[in-house]
């Protein structure tokens, strides 16, 4: 806890895994201690889990900056609705994976996008994913969240207007691939499956 406090209070950007003797197990221990420390100041532990579970994050300041942006985003209407839409997509994929005994839906085939809502979602997903990735490269986590917020309306329209489990097997698989594409887009910023609510 003392090391964490020193890092945070002095705004030290330290890639912990590059320190001699520091390993993944020790990083997991630090993450648990960080959750305790942050819970004491009102930060939700599930948001820390959602960011930390992406892997590769060993800079505590960057992790907490990402968590702060995620917290603000999830508290907004767009964030709450995107979370709900993403969880719905993930639940459908989970159910269908059990039926099909697999989770590889392949790439989305644009030629198989029939309804306007799925075409729009596909286009918006590509744009949002690119914009979020660009923002993450410069550690502008709020901009990454704003890029993802653009998906709220297209995801809502998709679920309102498109039947995922179409009778046509190719259409069904393509729509499941589109849902996997939603999950991949938001997974750039956090693992939404770890977020409660």
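Numbering (full-length UniProt numbering), first residue to last: 1 to 197.
The beta-carbon is built from N, C-alpha and C at its ideal position, and this holds for glycine as well.
Closest option to residue 9, judged by alpha-carbon separation, among 37, 21 and 23: 37. For residue 100, the enclosing alpha helix (DSSP H) begins and ends at 77 to 100.
With contacts defined by Cβ atoms closer than 8 Å, residue 177 and residue 107 form a contacting pair. For the beta strand (DSSP E) assignment, the segment 20 to 85 encloses no uninterrupted run of at least 3 residues.
Its chain contains 194, 195 and 196 as the residues whose beta carbon lies nearer than 7 Å to that of residue 46, once the 5 sequence neighbours on both sides are disregarded; these appear in chain order.
For residue 127, the enclosing alpha helix (DSSP H) stretches over residues 116 to 137. In this structure, residue 118 lies away from residue 33, with their beta-carbon atoms at least 8 Å apart. A contact is defined here as three or more CB-CB pairs under 8 Å, and the segment 129 to 139 fails this definition with respect to the segment 152 to 167. Per DSSP, residue 113 is not a residue of any alpha helix (DSSP H), being assigned neither H nor E. Excluding sequence positions up to five before and after residue 190, its CB lies within less than 6 Å of the CB of 50, 51 and 70, all in the same chain and listed in chain order. Residue environment: residue 3 is assigned as exposed (fewer than 16 neighbouring CB atoms within 10 Å of its CB, all protein chains considered). Just so you know, the alpha carbons of residue 59 and residue 44 end up roughly 19 Å apart. One thing to note: residue 183 has its Cβ within 8 Å of the Cβ of residue 90.
Per DSSP, reduced to three states, the secondary structure at residue 186 is helical. No Cβ-Cβ contact shorter than 8 Å links residue 125 with residue 170. When secondary structure is reduced to three states using DSSP, residue 2 falls in the helix class.
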